[in-house]
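A.B. asks: Chains as they are written, first to last, in the numbering used here: chain S, 1 to 343; chain B, 1001 to 1500. Cβ coordinates follow ideal geometry from the N, Cα and C atoms, glycine included. Every value quoted in this text rests on a predicted model; they were computed, and no experiment measured them.
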């Protein structure tokens, strides 16, 4: 594997740190899981079912979007519309698939079920990118606006609040046959999709010219422009990627739950931005990796899982995720201070 | 034995793996102007910043007026009477001069901010150093020289007994510099001890009562003004004997590579006309703000408002697209390496390949092997000093950073190379290396346009000299007809102007 050098070794340090955090939280929760279990009951946290069904599968939807978000954040931008984009994409997919007979064959169902949400996601990304690049608007404002617009469309456009409606169901070939396909009693498709998006994302950022351009634009936009890098095109691309990822996440969500509603993906932007930032993406631009996005999501998913396993109340979730963002950024700042930077 | 007022004892400081200062000890007499000299990366700025509390030393002591001090931050240092005037000016650009000057100690009336008192206080501070500026103007309307005066006023206002100047003239025009020197004279008369960090020999020799030289983070020695000569200082700074050679003016030049005709951008420059031949170095002289960098950027395709004709090898250029200019063989090394030239957090090799990513393609993939070969070659060719090609570029000294920016454009193998301030903030060794490189490129047939505000550099490099003034070409002279005084007259617009 080729090396990206100094940048890489720095990244290596940061990701090692994340792995240590994951292990520390895991160790702590396993201990808790051991002592909180009733006699005869296994470890509440450290068991196969909980690790896969309770952490890995639910995190896949967030992780897919976190990789897209990381690309955006590397350029110094942000995309807070992802939750709404996901809702539009999922509703579109559900609306299209409910037209198909319930026993339609997989080769008719899958293209519709995958392409419709993905194209809707991409289209939303194109709109975001066009506003940010073409109108030179701040990405936070643009995606704050589109977050509201897309959510509104997701409420207004569908004939019913939840699709499929009127007692209908999605084609069996889509779900459960494909999307909830089980291997050894576990649904592995969301994990495979997450893995696929991770691999593509990592290749994009590390091995493609486009990836290098992404870091260059985020690191110093002016210098990138002076080097003949088409800054607008680079930024446009990342918003498309983020929209695409939200579309893919919508496919996974549809598959897992079998329905979509105007509330699908509500508030996900918080978790996704948090995952990217905990994973080492810097809002100032220039830093962030695909593996960091995965590890960042994993940390949130573990905390999430622990809240449900040990507290039994999901109300604490927002407080703890919010605190995790602040702790992660504080730790990163502290790391900079310790390493000592030449001004 | 004069009493030492500021004393550094065995100061060491490292950044990451780099030792910026190693056991530096030196002392400075009360009320003198003391020059701190050294090449870029020698540690002179770091030593100044240690005194001003910006960096905390790893080891060693600072003794100020007989007392051992440990400054943890600039506020500590300020409280003890040490102020600093920075290279990069730190102000809120949208606030007024008065608001900036009174920052942190805003005057109040019944708990409300009193604008009247604030303006009075600001005016009093400026009066102390004899500077007149309308204190209600927002900071960003001021020139760099005025901003610097405000910084000095702020330091004096807090009763600083020692003021550290870090490369104060780096971004000043000649007139502004003269004004600064006057001001320094006035501060000295008030009994303030001044530490003047610079690598500009004439300034140090004109201003300082004594000076100390650092090299590679170590103390080399101190000289009084009487003992100091230019050659002696250069020798101490470099550890060897160097003289800047003048080698321009006698090259054989080839065919016409680029023509610029009626190039105009509203408010920046108008009717600019010149040409460049293969194998010649043309220098563009002028005062800061004369429109030279703007002209260069317009030729490179960065000014959407520019009109006029530019041709490269006889073919017209569209003037709007950087990539087209690059394809046609134009390269621009920008004036501000930190802002326009480098992505500081990326590695040297990633920076070096930024302008040639299109040639490092293997499908959509980046050819890492080729990138590394390129970087390794450039390190050898330009003798870049760094921990390695993977070292982040912000760990390099200014001179080596500048070499990386040059390497980035050399990698493209340009036919027309435009270099804007190639040696700004660069030490004398790196400066000579960059000059040698430009001569070498010219002899290989590159057409080179150098924009420089340093007249000795213009005279050392040029075959032909273009002088710009207020957005127009004021004169064009062959090297043989140019000397500093002629150029200065054209730059300032006095004396005979039509030598064209």
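Less than 9 Å between CB atoms is the rule here; does residue 73 (chain S) satisfy it with respect to chain B?
C.D. replies: no
A.B. asks: What does the alpha-carbon distance come out to for the pair residue 1385 (chain B) and residue 1396 (chain B)?
C.D. replies: 8 Å
A.B. asks: Pairs of beta-carbons, one from the segment 1302–1310 of chain B and one from the segment 1256–1265 of chain B, closer than 8 Å: are there three or more?
C.D. replies: yes
A.B. asks: Tell me which same chain residues have a C-beta within less than 8 Å of the C-beta of residue 1244 (chain B), skipping the five on either side of it?
C.D. replies: Residue placement at residue 1244 (chain B) is poorly supported in this model, since its pLDDT is 49, which falls under 50; the coordinates are not used for a value here.
A.B. asks: Check for me: the alpha helix (DSSP H) holding residue 1014 (chain B) runs from which residue to which?
C.D. replies: Element bounds for residue 1014 (chain B): not the alpha helix (DSSP H) but the beta strand (DSSP E), 1004–1015.
A.B. asks: Have a look at residue 1319 (chain B) and residue 1299 (chain B) and give me their C-alpha separation to the nearest angstrom.
C.D. replies: When the Cα atoms are used, residue 1319 (chain B) and residue 1299 (chain B) turn out to be separated by approximately 6 Å.
A.B. asks: Is there a Cβ of chain B sitting closer than 9 Å to that of residue 210 (chain S), yes or no?
C.D. replies: yes
A.B. asks: What does a CB cutoff of less than 7 Å around residue 297 (chain S) pick up in its chain, not counting 5 residues either side in sequence?
C.D. replies: Only 59, 62, 63, 66, 275 meet the Cβ criterion.
A.B. asks: Taking the beta carbon of residue 163 (chain S) as the centre, do at least 16 other beta carbons fall within 10 Å, making it buried, or is it exposed?
C.D. replies: Buried: at least 16 other Cβ atoms inside 10 Å.
A.B. asks: Look up residue 1504 (chain B) in the DSSP assignment and give the residues it is bridged to.
C.D. replies: As shown, chain B starts at 1001 and ends at 1500. That puts residue 1504 (chain B) outside it, with no answer to give.
A.B. asks: Quick one: which residues of the segment 1145–1176 of chain B get their C-beta closer than 8 Å to a C-beta of chain S? List them in chain order.
C.D. replies: none
A.B. asks: Name the two residues that bound the continuous alpha helix (DSSP H) containing residue 1270 (chain B).
C.D. replies: Careful: residue 1270 (chain B) lies outside any alpha helix (DSSP H), inside the beta strand (DSSP E) at 1269–1277.
A.B. asks: In whole angstroms, give me the CA-to-CA distance for residue 1416 (chain B) and residue 1317 (chain B).
C.D. replies: 13 Å
A.B. asks: Tell me the DSSP bridge mates of residue 182 (chain S)?
C.D. replies: S:187
A.B. asks: Please classify residue 1229 (chain B) as buried or exposed, where buried requires at least 16 other C-beta atoms within 10 Å of its C-beta.
C.D. replies: exposed
A.B. asks: For residue 216 (chain S), go through chain B and note every residue whose CB falls closer than 8 Å to its CB, in chain order.
C.D. replies: 1343, 1346, 1350, 1354
A.B. asks: Where are the alpha helix (DSSP H) runs, 4 residues long or more, that stay fully inside the segment 1069–1100 of chain B, in chain order?
C.D. replies: 1074–1079
A.B. asks: From which residue to which residue does the alpha helix (DSSP H) around residue 74 (chain S) run?
C.D. replies: 57–74
A.B. asks: Let me know if residue 135 (chain S) comes out buried or exposed under the rule of 16 or more other beta-carbons within 10 Å of its beta-carbon.
C.D. replies: exposed
A.B. asks: Among S:272, S:45, S:18, which has the Cα closest to the Cα of residue 85 (chain S)?
C.D. replies: S:272
A.B. asks: Taking the alpha helix (DSSP H) that residue 1199 (chain B) belongs to, which residues open and close that run?
C.D. replies: That residue, residue 1199 (chain B), is in no alpha helix (DSSP H); it is neither H nor E in DSSP.
A.B. asks: Please confirm whether residue 17 (chain S) has its beta-carbon closer than 9 Å to some beta-carbon of chain B.
C.D. replies: no
A.B. asks: According to DSSP, is residue 154 (chain S) helix, strand or coil?
C.D. replies: helix
A.B. asks: Please classify residue 1103 (chain B) as buried or exposed, where buried requires at least 16 other C-beta atoms within 10 Å of its C-beta.
C.D. replies: exposed
A.B. asks: Closer than 8 Å between beta carbons: that is the criterion. Which residues of the segment 222–243 of chain S meet it against chain B?
C.D. replies: 222, 223, 224, 225, 226, 227, 228, 229, 230
A.B. asks: Using a Cβ-Cβ cut-off of 9 Å, state whether residue 333 (chain S) counts as contacting chain B.
C.D. replies: Taking Cβ atoms only, chain B never reaches closer than 9 Å to residue 333 (chain S), which makes this a no.
A.B. asks: What in chain S is Cβ-close to residue 1326 (chain B), meaning under 8 Å?
C.D. replies: 228
A.B. asks: Please look up how many angstroms separate the CB atoms of residue 1130 (chain B) and residue 1186 (chain B), rounded, as I've assumed it's under 8 Å.
C.D. replies: 6 Å
A.B. asks: Taking 9 Å as the cut-off, decide whether the C-beta atoms of residue 1225 (chain B) and residue 1208 (chain B) are in contact.
C.D. replies: yes
A.B. asks: Is it a yes or a no for the segment 1017–1031 of chain B touching the segment 1066–1083 of chain B, going by three-plus beta-carbon pairs under 8 Å?
C.D. replies: no
A.B. asks: Got a sec? Which residues, its chain only, sit under 6 Å from residue 279 (chain S) by beta carbon, not counting five neighbours each side?
C.D. replies: 292, 293, 295, 296
A.B. asks: Quick check on DSSP: helix, strand or coil for residue 99 (chain S)?
C.D. replies: coil
A.B. asks: Could one say the Cβ of residue 257 (chain S) lies closer than 9 Å to chain B's Cβ atoms, at least one of them?
C.D. replies: no
A.B. asks: Roughly how many whole angstroms lie between the Cα atoms of residue 1389 (chain B) and residue 247 (chain S)?
C.D. replies: 40 Å
A.B. asks: Does residue 101 (chain S) pass the burial test, meaning 16 or more other C-beta atoms within 10 Å, or should it be called exposed?
C.D. replies: exposed
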